[in-house]
Structure formats: C-alpha cells, structure tokens
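Peer 1: To start, I am sharing the structure in question, which I have written as structure tokens.
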Amino acid sequence: MNTQKSLVLLDPALLKPALAAAFTKLSPRVQWRNPVMFVVFIGSILTTLFGGLALQSGDGTASFTLSVAVWLWFTVLFANFAEALAEGRAQAQASSLRGLKKSTMAKKLREPKYGTTWLPEEAENLRKGDVVLVEAHDFIPLDGEVVEGVASVDESAITGESAPVVRESGGDFSSVTGGTRVLSDWLVVRIGVNPGESFLDRMISMVEGAKRQKTPNEIALTILLVALTIVFLVVTVTLLPYSIFSVQAAGAGTVVSMTALIALLVCLIPTTIGGLLSAVGVAGMSRMMQANVIATSGRAVEAAGDVDVLLLDKTGTITHGNRQASAFFPAPGLTEAQLAACAAQASLADETPEGRSIVALAQRLGAVQPLVGTTTEVPFTAQTRMSGIDLQSADGKVRVLRKGAVDAIRKYVQAQNGRMPTEVAKQADDVSRRGSTPLVVVDGATVLGVVELKDIVKAGIKERFGELRRMGIKTVMITGDNKLTAAAIAAEAGVDDFLAEATPEQKLALIRQYQSEGRLVAMTGDGTNDAPALAQADVAVAMNSGTQAAKEAGNMVDLDSNPTKLLEIVETGKALLMTRGSLTTFSIANDVAKYFAIIPAIFVSTYPQLKALNVMGLGSPSSAILSAVIFNALIIMFLVPLALKGVRYRPVGAAALLRRNLLIYGLGGLVVPFVGIKAIDMLLVAAHLV
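Quick note: the sequence shown, position 311, residue 311 per the UniProt record's numbering, numbers continuous.
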C-alpha cells in the first residue's frame with residue numbers, strides 16, 4: 001500500500017492545471033530550454049505573422065497559412081502539456097508528502113547538571129545532537145537514532161504499510177523518521193538532522209527538483225536532437241533558392257512558400273521525442289516513487305537501467321533472514337546441555353533474532369542458567385565477527401564467553417594458545433554444507449561446540465536471478481558466512497558469484513574491482529558499516545529502516561525497507577531507458593512518411609513527375625502539407641500516456657530488446673504516419689477544409 005495518493009494516468013485533478021501550464025510555458029524563457037520545440041515555437045510565430053499579412057492583403061492563401069499556424073501552435077502546446085502533466089504528477093506527490101509534515105512538540109532532555117528531566121520544545125527548535133523522549137501516541141519530531149528503549153512505531157505515513165514496526169536501540173533497526181508515530185512504550189531518540197534537513201524534507205525537494213535535473217543520457221540525446229534539427233534546418237533553408245532556380249529554369253510552377261518550408265522543417269525535425277523528452281524523465285522518477293523508492297536524481301534512475309552487476313546481501317534478500325538456532329553440537333567430552341547453557345549465557349545480552357533464538361532453544365532444553373557476578377557485554381562487530389560477555393565472579397575471576405564465526409573463533413583461540421578440536425571443525429563444515437550457519441562457542445581458550453543457525457532461501461528467488469541473467473546482469477551474493485555455507489546458499493539460490501566472510505573493506509574493494517572493469521554496480525545496505533560501499537556503488541539503495549549514515553550514503557531510499565526491491569528498481573530504470581529509446585526510434589522513423597507527403601506537394605507544380613511519389617494519394621498539395629502538420633501535432637498527444645506510463649520491460653537480452661524495439665517502434669514509426677496522414681487528408685477533403 002502506497003502512502004501517496006494514487007493518481008490514474010490522466011487524473012482529472014491534474015488535467016486542468018496541466019492545460020493552464022501548457023499556455024504559461026509559451027514564454028520564450030521556458031521554450032528556449034528545449035531547442036527542438038523552440039524551433040517549432042519560432043516557426044509558429046512566423047507562420048502566424050505570414051497568415052496575418054496574407055489576411056490583410058486579401059491573399060487566397062491566408063486560410064491555409066493560418067490553419068498551419070494553428071496546428072503548429074498546437075504542436076507546441078501539446079509538448080508543453082505533456083511536460084506539465086508529468087510535472088503535475090510529481091508536484092502532487094510532493095504535496096502529499098508535505099501534508100505529512102507536522103508541527104510537533106518534543107520532550108527535550110535538559111542539561112545533565114539539572115538531572116534527568118524533560119522539557120517541552122518545538123520541533124523546529126531542535127538541533128542535531130539533541131536528545132528527546134518520545135512516548136506512546138507521540139510523533140517523532142525529526143530523524144534520529146534510538147539510544148534507549150524499545151517501541152512499536154507506526155510508519156504508514158512514510159511507507160504506506162499499516163503494520164507497525166519495532167524500533168530499538170542498537171543494531172540496524174535503531175533509525176527513526178520524523179513524522180512517524182510511536183504506538184506503544186517509549187523511545188529516547190538522539191536527533192540526527194537539523195530542521196529542514198529531515199528525510200521528509202529531502203523527499204519533497206527531490207520530487208520537486210526532479211523536473212529540471214538533466215541526466216547525462218538526456219543531455220547526450222538532446223545534443224543528438226539539436227544536431228538533427230540543425231541538419232534539417234540547413235536543408236530546408238537551401239530549398240528556397242533551389243525552388244527559385246527551378247521555377248526560373250523550368251519556366252513553370254510556383255516558388256515554394258515560407259509556410260510550406262516551415263511546415264516541412266517542423267515535420268522533419270524530431271518533434272515527437274523533443275516534445276516528450278522532459279516528460280519521460282520526470283515520469284521515470286515518478287514511477288520510482290510509486291514503487292515507494294525515493295531517488296535523489298534522474299541520474300540515479302538511469303544508472304539503475306544501465307546496471308550490470310548486482311551485489312545482494314544474503315540475509316533478508318536471498319534468504320528470509322530470520323536465522324534461528326536449530327541444534328547444539330558439543331565438543332568431545334561435553335554434553336549438549338553444557339554447550340546450550342554456555343551458548344545461552346553468551347547470548348543473554350544479545351538482542352538480535354539469532355541471539356534470542358539461541359536462548360529460546362536452550363530454554364526448551366532446560367539448560368539456561370542464571371548469570372552470577374558482574375557482566376560486561378561484548379557486542380558483535382564486523383571486524384571481530386563474534387560477541388559474548390565477560391563474567392566476573394565475587395572472587396575476582398573473569399570468565400570469558402564468546403560465540404562467533406568459525407574462522408574468527410579459531411583465530412581468537414589460537415591467540416590464547418588454544419586450538420580448535422578437529423571434531424568441532426568437521427561438525428562446523430557439515431553444518432555449512434547443509435547451507436546453515438555454524439557458530440562456535442568458547443569459554444576462554446576452550447572450544448565448547450557448534451550452534452547451527454538455519455535460514456531458508458526465498459521461494460522464486462532462483463527464477464528471478466535467471467531473469468536477471470537473461471538481462472545480462474551478474475548477481476553476486478554478499479554474506480558474512482564462511483565459504484562452505486556461502487557456496488551452498490549460492491548454489492541453491494542460483495547466483496552467479498558470492499563473497500563469503502565479507503567485511504566492509506572487502507565489499508568496497510569488490511565494487512571498485514567491478515567498476516575498474518567498466519561495469520556499473522548496484523547494491524543495497526542498511527547499516528553504518530554499509531555506508532562506504534553504498535557511497536562507492538553506482539546505484540546505492542539504502543533501507544528506510546537502516547541507519548542515518550546508510551541513507552545519507554545512498555542515492556536511493558527504499559521506504560519499504562525490502563532488500564529485494566533492488567530487482568524492481570533495476571527494471572524501472574531499464575523501462576525508463578527503453579521508453580526514451582522507443583520514442584526516439586519512433587520519432588525518427590515517422591519522418592519517412594512526411595517526405596512522401598510534403599516534398600511532392602511543394603515541388604509538383606515545377607516537376608509534375610514527382611506526383612509519382614504521392615503514394616498515399618493525398619487530395620491536394622495544401623491538403624498534404626496540412627495533414628502532415630496535424631499528424632505531427634496529434635502524435636505527441638497520443639504518445640503522452642506511453643511517456644508517462646513507460647514501455648513495459650521484459651527480462652530478455654539486449655539483442656532481443658533491440659529487435660523488439662525496432663520491430664514495434666521502428667516499423668510502427670514507418671507505417672503509422674502513412675495511415676494517419678491519409679486518414680486526416682480524407683477528413684479534410686470530405687469536409688472541404690482545403
């Protein structure tokens with residue numbers, strides 16, 4: 001469910017403002033930004049002046065000239081309307097987001113010297129680093145990190161999902177977003193941004209600023225369109241002296257009129273894609289937002305379409321991510337109950353799902369023993385890849401309990417002059433080969449045994465990776481598991497490669513390696529340790545539930561915090577590129593029919609043999625020219641829905657996509673204008689309008 005109001009393709013609420021904007025955009029200061037349509041704009045002005053002069057002088061061509069002028073103005077207005085409609089959809093999304101902002105009162109922590117007291121404070125007066133208390137039914141004033149407490153939070157205003165989520169201190173679920181509401185319990189939040197810099201503020205500015213952000217691909221295409229326009233302009237200008245010379249040499253016919261030359265120029269330049277180019281770009285970002293993904297720029301959306309390497313975290317993306325302790329395998333000489341008791345003690349301070357499942361399994365076995373003495377929690381880090389507690393008894397002796405990855409524990413034990421028993425190492429390998437994750441438990445330098453954590457590969461994920469492979473995209477699984485476990489999961493999921501025992505440094509190095517080979521890399525992340533890799537990746541999707549550092553490093557934020565959304569993001573990016581390419585192909589291809597319509601019409605009086613090129617059997621030269629101009633204007637309006645909705649992407653290879661594109665939009669661009677121009681000509685002749 002989406003948070004923003006769902007807008008149909010041509011929502012009546014958007015049509016009226018878009019129509020008004022189509023006229024306000026007739027300002028030269030706006031028109032010159034689009035070189036192709038600026039030529040049409042100038043042509044419309046000139047043709048209107050020629051029509052007015054002809055009307056004053058009583059010239060019989062006044063009606064024809066003014067008719068051409070009217071449809072040239074419609075061509076400009078239709079292009080303006082397409083852009084205004086796309087911008088209107090984005091503005092509607094921004095307005096919806098702005099409606100989520102609330103002026104709230106916060107409970108701000110006073111200075112420590114005054115004790116633990118909370119004073120009311122306007123959210124606008126809070127600053128980065130301030131600490132606030134948010135209790136049940138309170139709105140979280142600004143983005144921040146939970147430093148204390150556990151609470152159920154309603155994030156439907158941001159994500160659209162009605163189900164509340166749990167936010168707690170520590171881990172990857174400590175980030176909270178301003179504008180969301182605490183449903184139960186309480187949180188102490190350290191504000192992470194200043195007013196005006198919140199996630200909601202950035203979302204609004206991204207959407208509002210989308211309409212004028214030109215991407216490298218868009219700039220390159222604009223240069224191509226300008227070059228084509230200049231070529232056709234030069235060709236059209238040379239036709240006037242050629243016509244004068246031909247009439248003098250042949251002693252027959254009439255010199256081509258300026259109205260006919262302007263009509264020819266407008267019909268030959270790529271007005272279709274020129275009029276829809278901006279709308280395609282804005283609509284691409286709008287479609288990304290409808291998928292509950294906020295992109296910082298159109299460049300990020302386009303890069304998603306060019307991606308050819310996907311780095312995917314195993315947990316939560318390829319597997320369900322709810323690894324649960326399923327069995328204890330004690331070292332020789334120990335019982336299962338002894339291992340379970342120590343594993344549970346090492347996990348009592350571990351609030352992760354894995355840690356809680358170890359305690360729960362030990363409780364079912366009746367092996368949980370209370371902690372006696374002073375405890376010091378040792379949290380898990382990506383560098384040590386282990387966690388546990390230090391337990392100091394009354395006599396001052398310290399008992400060190402740790403659980404962690406096999407290789408990390410092996411190094412830890414060896415550093416204390418201990419060794420990993422062969423039986424334990426073999427059992428860990430057996431667990432890994434089953435696709436589960438082995439955790440080794442130690443008491444000081446003594447290895448106690450292995451805990452098996454099971455995870456399940458998501459249904460249908462292998463087929464999705466097969467589609468990506470057909471698209472020419474390489475998938476790489478990133479996991480902290482050992483190589484045996486990683487290999488088993490990779491084989492089951494069908495990924496192309498994997499990086500096991502991954503550290504933040506290794507992730508960063510892998511991205512740089514692929515980029516050095518000229519490849520574009522996409523990845524997802526939610527933790528602070530993902531920030532360096534996210535900053536390096538070409539497409540970096542941060543989870544909304546992740547830390548502030550991850551969201552600031554990424555160039556996209558997934559409001560649903562769904563790691564598999566990366567696949568949908570890539571498809572949306574490719575759809576944007578395909579839409580632009582398809583419309584460009586169609587725009588260039590439909591020039592052919594206009595040659596057959598206008599060229600014979602303007603020179604047939606001098607060279608009667610050119611009548612053979614009138615393959616459409618158009619009624620008269622005037623009818624041929626006007627029909628081509630009308631079709632050129634109307635086709636922009638007919639293609640507006642396609643520009644806004646986008647060409648549907650299919651997971652096939654680049655060669656197959658190219659063939660399909662050429663068949664549908666290339667051949668269609670050749671055939672449709674012949675049918676359209678002929679139909680318009682028949683209507684004009686039947687109505688005696690020419």
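Just so it is clear, CB atoms sit at the ideal spot from N, CA and C, and this is done for glycine as well.
For the stretch 536-547 against the stretch 325-337, are there 3 or more C-beta pairs whose distance is under 8 Å?
Peer 2: Contact check between the stretch 536-547 and the stretch 325-337: fewer than three CB pairs, one atom from each, fall below 8 Å, which does not count as touching.
Peer 1: In chain order, what residues of the same chain lie with their CB nearer than 8 Å to the CB of GLU423, ignoring the 5 residues before and after it?
Peer 2: Counting from one through the sequence shown, the residue named residue 423 turns up at place 423. The residues are ALA331 and PRO332.
Peer 1: To test your reading of the DSSP string, which unbroken beta strand (DSSP E) runs of 3 or more residues are found completely within the stretch 507-560?
Peer 2: 521-525, 539-543 and 556-558
Peer 1: Report the CB separation of THR61 from SER257 in whole angstroms; it is logged as a contact under 8 Å.
Peer 2: For this step, residue 61 is matched to residue 61 along the sequence shown. For this step, residue 257 is matched to residue 257 along the sequence shown. About 7 Å; that satisfies the 8 Å criterion.
Peer 1: Report, in whole angstroms, the separation of the C-beta atoms of PRO120 and VAL132, which I expect to be a contact under 8 Å.
Peer 2: Residue mapping note: residue 120 aligns to position 120 of the sequence shown, counting from 1. Residue mapping note: residue 132 aligns to position 132 of the sequence shown, counting from 1. With 8 Å as the limit, PRO120 and VAL132 do not qualify as a contact, their Cβ atoms being about 10 Å apart.
Peer 1: Quick one: what does DSSP say LYS474 is sitting in, helix, strand or coil?
Peer 2: Residue 474 sits at position 474 when you count from the first residue of the sequence shown. LYS474 falls in the strand class under three-state DSSP.
Peer 1: Out of GLU552, GLY253, PRO438 and LEU348, point me to the one whose CA is closest to ASP390's CA.
Peer 2: For the purposes of this step, residue 390 is taken as the residue at position 390 of the sequence shown. The shortest Cα separation from ASP390 among GLU552, GLY253, PRO438 and LEU348 belongs to LEU348.
Peer 1: Determine the extent of the alpha helix (DSSP H) in which ALA415 is found, giving its start and end residues.
Peer 2: Mapped onto the sequence shown, residue 415 falls at position 415. Run containing ALA415: 406-415, per the alpha helix (DSSP H) assignment.
Peer 1: Spell out the partners DSSP gives PHE328 in its beta bridges.
Peer 2: Residue numbering aside, residue 328 sits at position 328 when the sequence shown is read from its first letter. The partner list for PHE328 (beta bridge, DSSP) reads VAL451.
Peer 1: First and last residue of the beta strand (DSSP E) that includes THR375?
Peer 2: For this step, residue 375 is matched to residue 375 along the sequence shown. It spans 374-378 - the beta strand (DSSP E) in which THR375 sits, taken as one unbroken run.
Peer 1: Can you tell me the Cα-Cα spacing of ASN632 and SER561, whole angstroms?
Peer 2: As a first step, residue 632 is located in the sequence shown; it is residue number 632 there, counting from the start. As a first step, residue 561 is located in the sequence shown; it is residue number 561 there, counting from the start. In a straight line, the C-alpha of ASN632 is about 45 Å away from that of SER561.
Peer 1: What residue range is occupied by the uninterrupted beta strand (DSSP E) comprising SER246?
Peer 2: The count along the sequence shown starts at 1 and reaches residue 246 at position 246. Unbroken run through SER246 is the alpha helix (DSSP H), 216-250; no beta strand (DSSP E).
Peer 1: From TYR114 to ASP130, what distance separates their C-alpha atoms?
Peer 2: Within the sequence shown, the letter at position 114 stands for residue 114. Within the sequence shown, the letter at position 130 stands for residue 130. Its pLDDT being 43, under 50, TYR114 is placed unreliably by the model, and nothing is read from it.
Peer 1: Hey, out of LEU610, CYS342 and ALA491, whose CA is closest to VAL451's CA?
Peer 2: By 1-based counting over the sequence shown, the position of residue 451 is 451. The residue with the shortest Cα to Cα distance from VAL451 is CYS342.
Peer 1: Do LEU401 and GLN345 have their C-beta atoms closer together than 8 Å?
Peer 2: Taking the sequence shown and counting its residues from 1, the one referred to as residue 401 is at position 401. Taking the sequence shown and counting its residues from 1, the one referred to as residue 345 is at position 345. Yes, these two residues count as a Cβ contact at 8 Å.
Peer 1: To the nearest angstrom, how far is the alpha carbon of ARG212 from that of ALA295?
Peer 2: As a working mapping, residue 212 is identified with position 212 in the sequence shown. As a working mapping, residue 295 is identified with position 295 in the sequence shown. With a pLDDT of 48 at ARG212, under the threshold of 50, the predicted position of this residue should be treated as unreliable, though the coordinate-derived value follows. Going from the Cα of ARG212 to the Cα of ALA295 covers about 14 Å.
Peer 1: Considering only their Cβ atoms, is the gap separating GLU124 from THR547 smaller than 8 Å?
Peer 2: Within the sequence shown, residue 547 is the residue found at index 547, counting from 1. Within the sequence shown, residue 124 is the residue found at index 124, counting from 1. Contact: no.
Peer 1: Alpha carbon to alpha carbon, what distance is there between PRO438 and LEU566?
Peer 2: Sequence index remark: in the sequence shown, residue 566 carries index 566 (1-based). Sequence index remark: in the sequence shown, residue 438 carries index 438 (1-based). Computed Cα separation, rounded: 28 Å.
Peer 1: Counting only the same chain and skipping the five closest in sequence on each side, list residues whose C-beta sits under 7 Å from that of ASP308.
Peer 2: Translated into the one-based positions of the sequence shown, residue 308 becomes position 308. These residues qualify, in order along the chain: GLY472, ILE473, LYS474, ARG519 and LEU520.
Peer 1: Whose CA, out of GLY525, TRP32 and ASP430, lies closest to the CA of VAL76?
Peer 2: Against the sequence shown, residue 76 aligns to sequence position 76. Nearest C-alpha to VAL76: TRP32.
Peer 1: Would you call the stretch 494-511 and the stretch 521-532 in contact, with 3 or more CB pairs under 8 Å?
Peer 2: yes
Peer 1: Would LEU126 and LYS107 be called neighbours here (beta carbons separated by less than 8 Å)?
Peer 2: For the purposes of this step, residue 126 is taken as the residue at position 126 of the sequence shown. For the purposes of this step, residue 107 is taken as the residue at position 107 of the sequence shown. Against a cut-off of 8 Å, the Cβ pair of LYS107 and LEU126 comes out as no contact.
Peer 1: Going by C-alpha distance, which of VAL604, GLY274, ALA304 and ILE273 is nearest MET288?
Peer 2: Counting from 1 along the sequence shown, the entry for residue 288 is found at position 288. Among VAL604, GLY274, ALA304 and ILE273, the Cα nearest to that of MET288 is on ALA304.
Peer 1: Suppose you measure from the CA of SER152 to the CA of SER169; what does that come to, to the nearest Å?
Peer 2: Along the sequence shown, read from residue 1 onward, the residue named residue 152 stands at position 152. Along the sequence shown, read from residue 1 onward, the residue named residue 169 stands at position 169. Taking the straight line joining both Cα atoms gives about 12 Å.
Peer 1: In this structure, does DSSP put LYS594 in helix, strand or coil?
Peer 2: Reading the sequence shown from its first residue, position 594 is the one you call residue 594. Helix.
Peer 1: Going by Cα to Cα distance, which pick from SER44, GLU302, THR585 and GLY460 is closest to PRO28?
Peer 2: The residue given as residue 28 occupies position 28 in the sequence shown. Among SER44, GLU302, THR585 and GLY460, the Cα nearest to that of PRO28 belongs to SER44.
Peer 1: Tell me, please, which residues DSSP counts as bridged to ALA295.
Peer 2: The sequence position of residue 295 within the sequence shown is 295, counting from 1. Paired residue(s): MET556.
Peer 1: Here's a check: name, in chain order, each residue in its chain whose Cβ is nearer than 6 Å to the Cβ of TYR665, leaving out the five neighbours to either side.
Peer 2: Working through the sequence shown from its first residue, we reach residue 665 at position 665. If we look at TYR665 and ignore the five residues flanking it on each side, its Cβ neighbours are SER582, THR585 and PHE586.
Peer 1: Assuming ALA84 and ALA13 form a contact by the criterion Cβ under 8 Å, report the distance between their Cβ atoms to the nearest whole angstrom.
Peer 2: Here residue 84 refers to the residue found at position 84 when the sequence shown is read from its first residue. Here residue 13 refers to the residue found at position 13 when the sequence shown is read from its first residue. About 13 Å; that fails the 8 Å criterion.
Peer 1: Please classify PHE380 as buried or exposed, where buried requires at least 16 neighbouring CB atoms within 10 angstroms.
Peer 2: Translated into the one-based positions of the sequence shown, residue 380 becomes position 380. It is buried - the Cβ of PHE380 has at least 16 other Cβ atoms within 10 Å.
Peer 1: Can you tell me whether GLY666 is helix, strand or coil according to DSSP?
Peer 2: Start at 1 with the first residue of the sequence shown, and residue 666 comes out as number 666. Looking at GLY666 - three-state DSSP - the assignment turns out to be helix.
Peer 1: Using a 10 Å radius around the Cβ and a threshold of 16 neighbouring Cβ atoms, would you call THR335 buried or exposed?
Peer 2: Within the sequence shown, residue 335 is the residue found at index 335, counting from 1. So THR335 ends up on the exposed side.
Peer 1: Mind checking whether LYS403 and GLY418 have CB atoms under 8 Å apart?
Peer 2: Looking up residue 403 in the sequence shown gives position 403. Looking up residue 418 in the sequence shown gives position 418. Judged by beta-carbon spacing, GLY418 lies beyond the 8 Å limit of LYS403, meaning their Cβ atoms are not closer than that value.
Peer 1: In the DSSP output, which residue or residues are listed as bridge partners for TRP186?
Peer 2: Counting from one through the sequence shown, the residue named residue 186 turns up at place 186. DSSP, once it has assigned bridges, lists GLU135 as partnering TRP186.
Peer 1: Hey, could you find the ends of the beta strand (DSSP E) ILE389 is sitting in?
Peer 2: Translated into the one-based positions of the sequence shown, residue 389 becomes position 389. Unbroken beta strand (DSSP E) run through ILE389: 386-392.
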